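One structure is given here, and the rest of the page talks about it.
In structure tokens form, the structure reads like this:
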């Protein structure tokens, strides 16, 4: 059985999504399985058209900081979140959407990118994967 | 046996590593994957990934800013 990385994606901030997706695609590339558990503000990024919409966690400055960061990232040839997500799914990564968050924040399945989501679950789904993981992170 | 060539010059973390993995998944056992790149950290991490995947690292050539790595699946 391959080793696993399990990450709780609780933040919807752009930079934190990058951290999560880079660690996730890196893990898959090195032969591990990966589960990403999207909850709270992280779940906002699974909404249709939502993946690239997150603010910067620091120095967002009403969007100016994010624009500056994006232009620097473009110069450095950093992949977009959409590309990282595509690679994540192509390499067999698994996405779990938190059902409690959907309930309390009034998020319907139709408003989410259902093609990306492998499972709708609660804490048990996270623990099930996390207990078989050598890497678990909360981002 | 086929030889697959991947050009990730100019690309940064994690793209070289991810493209290596995608190419290896497409390759058949025995095929050779050659990756050329310019991102220094990738020159170090790709051999680590090859070891983790239990594949054969054939060669690492060039400099940290301009390298070629060959892997046999």
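Residue numbers (the working numbering), protein chains in the order written: chain Z, 150 to 288; chain X, 3 to 75.
Glycine is no exception: its CB is placed at the ideal position from the N, C-alpha and C atoms.
Since the structure is predicted, the reported quantities are computational estimates derived from the model, not experimental observations.
### residue 20(X): first and last residue of the uninterrupted alpha helix (DSSP H) it sits in
Its alpha helix (DSSP H) spans residues 17-28.
#### Entry: Beta carbon proximity, residue 13(X) to chain Z, threshold 8 Å
Answer yes: the Cβ-Cβ gap between residue 13(X) and chain Z drops below 8 Å somewhere.
#### Entry: residue 265(Z) to residue 13(X) span [Cα, whole Å]
Taking the straight line joining both Cα atoms gives about 25 Å.
### Within-8 Å CB hit, residue 17(X) to chain Z
Closer than 8 Å: yes.
### Query
Distance, Cα to Cα, residue 188(Z) vs residue 61(X)?
Going from the Cα of residue 188(Z) to the Cα of residue 61(X) covers about 43 Å.
### Message
Counting C-beta neighbours from all protein chains within 10 Å, is the total for residue 244(Z) 16 or more, i.e. buried, or is it exposed?
### Response
Answer is buried; the Cβ neighbour count reaches 16.
### Query
Per DSSP, what kind of secondary structure is residue 246(Z) in: helix, strand or coil?
In the structure shown, residue 246(Z) sits in a strand (DSSP, three-state: E or B).
### Identified DSSP bridge partners for residue 48(X)
Answer is none; residue 48(X) lacks a bridge partner.
### Query
Can you tell me the Cα-Cα spacing of residue 222(Z) and residue 200(Z), whole angstroms?
Approximately 16 Å, taken between the alpha carbons.
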